[in-house]
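Numbered per UniProt numbering, the sequence shown spans residues 1 to 295.
Beta carbons: idealized from backbone N, C-alpha and C, even for Gly.
As structure tokens, the structure follows; a few thoughts come after it.
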Amino acid sequence: MASPAPFVAKPFVPAGDGDSRSPCPALNALANHNYLPHDGRDLRFIELVNVLRIVYRLSLPLAVILALAGFVLCGTFTCKPRAWSQSPHNANERTIARRVVDALPLPRFRLDLHDLAKHGRIEHDASIGHDDALQGARFAPSQPDLHLVDELAQTGIESQPIFPTPETKETTSLQQKGAGAVVAYGVGAVDALNLGDLALARFNRTSHLPPGHKLSSFHKIIATGECALILSVLSIPAVGSAENRQIPRRWIKEWFGEERLPQGWVPPQEEVGLKVVGKLRTAVTTEIARLERYS
Numbered sequence: 001m002a003s004p005a006p007f008v009a010k011p012f013v014p015a016g017d018g019d020s021r022s023p024c025p026a027l028n029a030l031a032n033h034n035y036l037p038h039d040g041r042d043l044r045f046i047e048l049v050n051v052l053r054i055v056y057r058l059s060l061p062l063a064v065i066l067a068l069a070g071f072v073l074c075g076t077f078t079c080k081p082r083a084w085s086q087s088p089h090n091a092n093e094r095t096i097a098r099r100v101v102d103a104l105p106l107p108r109f110r111l112d113l114h115d116l117a118k119h120g121r122i123e124h125d126a127s128i129g130h131d132d133a134l135q136g137a138r139f140a141p142s143q144p145d146l147h148l149v150d151e152l153a154q155t156g157i158e159s160q161p162i163f164p165t166p167e168t169k170e171t172t173s174l175q176q177k178g179a180g181a182v183v184a185y186g187v188g189a190v191d192a193l194n195l196g197d198l199a200l201a202r203f204n205r206t207s208h209l210p211p212g213h214k215l216s217s218f219h220k221i222i223a224t225g226e227c228a229l230i231l232s233v234l235s236i237p238a239v240g241s242a243e244n245r246q247i248p249r250r251w252i253k254e255w256f257g258e259e260r261l262p263q264g265w266v267p268p269q270e271e272v273g274l275k276v277v278g279k280l281r282t283a284v285t286t287e288i289a290r291l292e293r294y295s
């Protein structure tokens, strides 16, 4: 597959009535910015892979694995041809040849964003951004729980500010250093979450599960992997190892709560691959294990 096209910023348009959305803020933001079809319906596998590479700078193997998991675990197998959408997203990008292929009754997996809310597939209880599925419900809530989002953004708030405060009378320019980063920040602009804060948020949510109800081993991997991906694509890297990355708290509220690409954020300058995400996931898992030992 060829290298992805350069990132071009697109305006934010919130989801409207009838638009399909998932429990995943990363994908909902892509639809709300029209990198994916705004209606969130009948996604293309290749399209999803390309968009993950362009916007979040995921490596080809990582993007393929994530997209494949979504289509296989949550999609619906069908032989029905695609609908001829009149949305600007498709009208501008679909060639005549692609329209002909879409009209053929070929076997394929159909995936709408809301399909990813199927409970117990990829979606799991104790999410750090949305409420649990109701007892016996087939789908979990796809809209963000603003109370949980606020709790997430406030995790570790009692710790010292990571960035300069007005008292320091200093300014900081945080250039793009290999992860999603701001172009520049002035005096005391932000406080931030780090890996330990995300691990604590993950630990707190799991701890509040009803007695006898635990995440499966598979969903534990997904839950810690989500933290690793958040750190990989949304953070400002600090000097040192990848584990030192920081995420402005405001970005958490915008990404999780408003389901938009945060103001001032730019895609990672370096590709986000399996090795980096795996290393961060291991670090998150280790920190959660430490919290469990001393809780």
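What span of residues does the alpha helix (DSSP H) with Phe-203 cover, start to end? From DSSP, the alpha helix (DSSP H) with Phe-203 extends over 195-207.
Opening and closing residue of the beta strand (DSSP E) in which Thr-76 lies: Looking at the DSSP string, the run of the beta strand (DSSP E) that includes Thr-76 is 76-78.
How far does the alpha helix (DSSP H) with Arg-290 in it extend, from its first residue to its last? That run of the alpha helix (DSSP H) goes 274-294.
Taking its Cβ as the centre, do 16 or more other Cβ atoms sit within 10 Å of Arg-293, making it buried, or is it exposed? With fewer than 16 other Cβ atoms within 10 Å, it is exposed.
Classify Gln-135: buried if its beta carbon has 16 or more other beta carbons within 10 angstroms, exposed otherwise. By the neighbour-count criterion, in which 16 or more other beta carbons inside 10 Å mark a residue as buried, Gln-135 falls on the exposed side.
What did DSSP end up calling His-147 once you bin it into helix, strand or coil? Residue state for His-147 is assigned as helix, using DSSP reduced to three classes.
Sort Gly-120, Thr-78 and Gly-129 by Cα distance to Phe-139 and report the nearest one. Of the listed residues, the one whose Cα sits closest to Phe-139 is Gly-120.
My guess is that Asp-42 and Asp-112 are in contact by the Cβ rule of under 8 Å, so how many angstroms apart are they, rounded? Correct: roughly 7 Å between the Cβ atoms.
Could you tell me which of Ser-207, Gln-143 and Leu-66 sits nearest to Leu-274, measuring between CA atoms? The shortest C-alpha separation from Leu-274 is found at Leu-66.
Can you check whether the CB of Phe-12 is closer than 9 Å to the CB of Arg-260? It is a contact, given that the beta carbons lie within the stated cut-off.
So for Pro-248, helix, strand or coil by DSSP? In the structure shown, Pro-248 sits in a strand (DSSP, three-state: E or B).
Leu-58 bridges to which residues according to DSSP? Partner(s): Val-272.
Determine the direct distance from the alpha carbon of Arg-108 to that of Val-149, and round the result to whole angstroms. Answer to the nearest angstrom: the Cα atoms are 36 Å apart.
Determine the direct distance from the alpha carbon of Ile-122 to that of residue 351, and round the result to whole angstroms. Look at the range of the chain in this structure, 1 to 295, and you will see that residue 351 is not part of it.
If contacts are defined as beta-carbon pairs under 8 Å, then residue 312 and Ala-228 qualify, I think. What distance do you get, rounded to the angstrom? Residue coverage of the chain in this structure runs from 1 to 295, which leaves residue 312 outside it and unanswerable.
Where His-213 falls, given that 16 or more other Cβ within 10 Å makes a residue buried: Exposed: under 16 other Cβ atoms inside 10 Å.
Strand pairing of Glu-123, partner residues [DSSP]: DSSP lists His-119 as the beta-bridge partner residues of Glu-123.
Quick test of your reading: Ala-117 and Ser-142, contact by CB under 8 Å. State the CB separation rounded to the nearest angstrom. Yes, they are in contact, since the Cβ atoms of Ala-117 and Ser-142 sit about 5 Å apart, within 8 Å.
Chain-order list of residues whose beta-carbon lies under 8 Å from that of Gly-278 (same chain, five-residue window excluded): In chain order, Ala-228 place their CB closer than 8 Å to the CB of Gly-278, counting only its own chain and leaving out the 5 sequence neighbours on each side.
Does the CB of Ser-20 have a neighbour CB from chain D at under 9 Å? The chain labelled as chain D is not found in the depicted structure, where only one protein chain is given.
From the DSSP output, in three-state form, read off Phe-7 for me. DSSP places Phe-7 outside both helix and strand once states are collapsed to three, so it counts as coil.
To which residues of the same chain is Pro-210 closer than 7 Å at the C-beta, ignoring the five residues directly before and after it? Excluding five sequence positions before and after Pro-210, none of the CB atoms of its chain fall closer than 7 Å to its own CB.
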